[in-house]
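Take a look at the structure set out below.
Chains as they are written, first to last, in the numbering used here: chain A, 751 to 1204; chain B, 751 to 1204.
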């Protein structure tokens, strides 16, 4: 094994620039799923790239963007699934990017581009790992691999659960490596066992046929005011969500979760510095800071109504809109929350506020004592030479739930990130050394996966 | 007098198309003061037009757009001031216009364009009246006229009060005809003795350095939520404004005001139909509907934060903005209200919400028994052959206060409008017959003004 690992590491170090170039090429292709910008072309490009790396590729249509599936058999019948996505978040606001989001640029030891880390860089790092392992084993992998690369993760993976159900026979596998993962601000590898769910909703009010002169504001109903009052009633200044029954099924962290959380080095100082904050919401710090992820949220993604230009426009807006997302903890069900939201609005007298379901993911969490989880943490300990941490629940959401349940597998992250990577924000980037270590990490998992005892 | 009036009416009827063409030409020139679009060019065009009608013209600079002043002496030393403005509201939303806002189009007996009624049509109708009276009197007007045409009315006339103070010697006059005015939905002439004031304010929150991933919404402060909570606290669902001391100086309607209101034919059914409403704010109807104008308001002109595109973007917005206007009743002072607003925000824990003064006008109201007011209503009775009504207070705002106080004059409206004219909205228009009657009305006032007893 030691000889294989050395060959793998040397291969990856030697060919790092080639894989960064490959990541750049993939990032140059916009793939903004929120507005269907370049996703078709990007899906085709990913299929080509997987073929070039020797995988057997299928592009499987869904009602949205196709899912690209790549397969390569190994010596062992055991198969490791790698989940990634080829779509990215919208790049706006463009003026805050140092270099354009779709002109990948290497500077100060990092590759800057929309998708450089999330998730195009991770996909290429895994293909690099695959190349390296195959090279070390003279062309044949120790275990089978199954790449599943979807194109709608950034809009909430609306079709992935159905995709898994419909293709369950070809997705049979023995464990999955999820996207995300990497190191914390002190360089400790951090991987994750689950993710919160999400419910994304648009609320809209049409209060009258058209905008009116604000000189009639004592008479004519304002869509902006109706929406403001409705939203403000969803959550108190204490951050407590006021929808009746909202917390009914929310699972509190278990003793094991609390123990995992206790081992984590807090990145709260770094996070405060990054966003220029004196304190966090509700003033949480220390243990409360770590535990806060077990609180479900109600977030405003965006809102708009009326006049947004310079100066003054004396109108009463006839229309107002808000996009919300609720992050849900284990056992909360987006469908149940959506029904409770609608009931809340009706009950509070806001039947004029129309709620539209934009998308959802369910929460999911894998057990901490799974062999794949242990392999992942041990491999990380070796690569990074620092103690590895496990996060019981990520703050974000992912379609882990769509795979973990139906395929009866454990899922753990392993990736190339660090807290300053500016995921979803201007100047998203991946550090080249993180890319290299992430690829080495995945390679060790591919190397060891065949021998795991279930 | 009867002969003169007949000559005047014949002149106006004969030349109506010429004056509609002149209005079209003026409306073709955009003049959106909110974003300084075409205002300079429009000011020059108005100066040219006034010269072409034989007035002595000065374009007087202000820190904003120049005020165009046109003067013509008459047989009597008494001078009538006509107030108009050459700027218009922004035309958005463009897609709701049947014909483009700056391509004036006559259809179904009306001229459609941004400014067709407010206020370019009114200005040209007055110049038509002037031409007609001068024609009837063989070239010399019975009284002097003084046209004051400003270019910043739609952004709250921020420089007109100072303009009047600085030019008070050349503005000396004996009464003023304001813009607005016209007929109600039953064809009764309606004119107005005053207007509410206005305070326009922008509130803004910057909660962190940049937008963040909404997976951290349990930790990172949302500008959208901070602003939502702050705004929602300004006014209850009962429409009562919650700023401490807001109503302290607000004058209730007097007995005379209530009597004037009682004579008015209500246009509530028409207004409801226009905006597709089942009922008004607070369910007001009947006398309460008429009296509601004596309630000050807090209106959202526009608000925005975060992502406004299609689909979902999982961000926490770092910035949120709202534009508000408060319509103020007699004796409320915008400066006092602005201080009270800031104190309210601080006191409620929203010192992170920054309040910016965008502009203000003070409330003003003229006495109902002034000779000019009587001349205006009698002339209207004759033109429209229906009983004339007086509105004690308009719901909108106007810089009447800037003239009425310093020049010690009474001010009354006389215009070309009707309730369906879509002022400030898409498909603004003036009906050609209203234009003609409005010009006839102004001509009678110009004819009778010299003989009024003060």
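Think of the CB as a built atom: it goes at the ideal place given N, C-alpha and C, for glycine as much as any other residue.
Chain A residues whose Cβ lies nearer than 8 angstroms to that of residue i
{"i": "residue 1035 of chain B", "result": "By Cβ distance, chain A contributes nothing, its closest Cβ being about 10 angstroms from residue 1035 of chain B, past 8 angstroms."}
{"i": "residue 1101 of chain B", "result": "The contacting residues do not exist; residue 1101 of chain B stays about 13 angstroms from chain A at best."}
Contact list for residue i against chain A, beta-carbon separation under 9 angstroms
{"i": "residue 918 of chain B", "result": "Near residue 918 of chain B there are no residues of chain A at all, since even the closest Cβ is about 27 angstroms away, more than 9 angstroms."}
CB contact below 8 angstroms: residue i versus chain A
{"i": "residue 996 of chain B", "result": "no"}
{"i": "residue 1030 of chain B", "result": "yes"}
{"i": "residue 1097 of chain B", "result": "no"}
{"i": "residue 1104 of chain B", "result": "no"}
{"i": "residue 932 of chain B", "result": "no"}
{"i": "residue 1066 of chain B", "result": "yes"}
{"i": "residue 1112 of chain B", "result": "no"}
{"i": "residue 991 of chain B", "result": "no"}
{"i": "residue 785 of chain B", "result": "yes"}
{"i": "residue 839 of chain B", "result": "yes"}
Residue i at chain B interface by Cβ criterion, 8 angstroms
{"i": "residue 834 of chain A", "result": "no"}
{"i": "residue 1131 of chain A", "result": "no"}
{"i": "residue 864 of chain A", "result": "no"}
{"i": "residue 1147 of chain A", "result": "yes"}
{"i": "residue 789 of chain A", "result": "no"}
{"i": "residue 1040 of chain A", "result": "no"}
{"i": "residue 1127 of chain A", "result": "no"}
{"i": "residue 958 of chain A", "result": "yes"}
{"i": "residue 816 of chain A", "result": "no"}
{"i": "residue 852 of chain A", "result": "no"}
{"i": "residue 770 of chain A", "result": "no"}
{"i": "residue 1091 of chain A", "result": "no"}
Chain-order list of residues whose beta-carbon lies under 6 angstroms from that of residue i (same chain, five-residue window excluded)
{"i": "residue 1042 of chain A", "result": "1034"}
{"i": "residue 807 of chain A", "result": "797, 800, 801, 820"}
{"i": "residue 777 of chain A", "result": "854, 863, 865, 866, 870"}
{"i": "residue 933 of chain A", "result": "939, 1168"}
{"i": "residue 1114 of chain B", "result": "944, 1150, 1151, 1154"}
{"i": "residue 1112 of chain B", "result": "947, 1151"}
Under 8 angstroms between C-beta atoms of residue i and residue j
{"i": "residue 981 of chain A", "j": "residue 883 of chain A", "result": "no"}
{"i": "residue 901 of chain A", "j": "residue 833 of chain A", "result": "no"}
{"i": "residue 812 of chain A", "j": "residue 897 of chain A", "result": "no"}
{"i": "residue 1078 of chain B", "j": "residue 949 of chain B", "result": "yes"}
{"i": "residue 1188 of chain B", "j": "residue 945 of chain B", "result": "no"}
{"i": "residue 861 of chain B", "j": "residue 1143 of chain B", "result": "no"}
{"i": "residue 1199 of chain A", "j": "residue 893 of chain A", "result": "yes"}
{"i": "residue 1196 of chain A", "j": "residue 895 of chain A", "result": "yes"}
{"i": "residue 803 of chain B", "j": "residue 880 of chain B", "result": "yes"}
{"i": "residue 1159 of chain B", "j": "residue 931 of chain B", "result": "no"}
Strand pairing of residue i, partner residues [DSSP]
{"i": "residue 990 of chain B", "result": "Bridge partners of residue 990 of chain B: none, in fact."}
{"i": "residue 834 of chain A", "result": "A/899"}
{"i": "residue 1048 of chain B", "result": "B/1076"}
{"i": "residue 809 of chain A", "result": "A/818"}
{"i": "residue 1101 of chain B", "result": "Beta-bridge pairing links residue 1101 of chain B to no other residue."}
{"i": "residue 933 of chain B", "result": "B/939"}
{"i": "residue 857 of chain A", "result": "A/860"}
Beta-carbon neighbours of residue i, restricted to chain A and to distances below 7 angstroms
{"i": "residue 1057 of chain B", "result": "1051, 1052, 1073"}
{"i": "residue 1088 of chain B", "result": "Per Cβ cutoff of 7 angstroms: no residues; residue 1088 of chain B is ~14 angstroms from chain A at best."}
Partners in chain B for residue i, counting only beta-carbon separations shorter than 7 angstroms
{"i": "residue 963 of chain A", "result": "1146, 1173, 1174"}
{"i": "residue 972 of chain A", "result": "1049, 1050"}
{"i": "residue 981 of chain A", "result": "978"}
{"i": "residue 1026 of chain A", "result": "958, 959"}
Proximal chain B residues relative to residue i, where beta-carbon distance stays under 9 angstroms
{"i": "residue 1045 of chain A", "result": "968"}
{"i": "residue 1108 of chain A", "result": "1061, 1062"}
{"i": "residue 947 of chain A", "result": "The premise fails here: residue 947 of chain A is roughly 11 angstroms from chain B at the closest Cβ pair, so nothing lies under 9 angstroms."}
Cut-off 7 angstroms between Cβ atoms - residues of its own chain near residue i, not counting five sequence neighbours on either side
{"i": "residue 1130 of chain A", "result": "939, 941, 1138, 1191"}
{"i": "residue 1107 of chain A", "result": "951, 1088"}
{"i": "residue 1172 of chain B", "result": "1178, 1179"}
{"i": "residue 972 of chain B", "result": "957, 1066, 1067"}
{"i": "residue 809 of chain A", "result": "793, 797, 816, 818"}
Contacting residues, own chain, Cβ-Cβ under 8 angstroms from residue i (five flanking each side not counted)
{"i": "residue 963 of chain B", "result": "1064, 1065, 1066"}
{"i": "residue 1105 of chain B", "result": "951, 952, 953, 1088, 1091, 1092, 1095"}
{"i": "residue 918 of chain B", "result": "1156, 1157"}
{"i": "residue 1057 of chain B", "result": "1063, 1065, 1067"}
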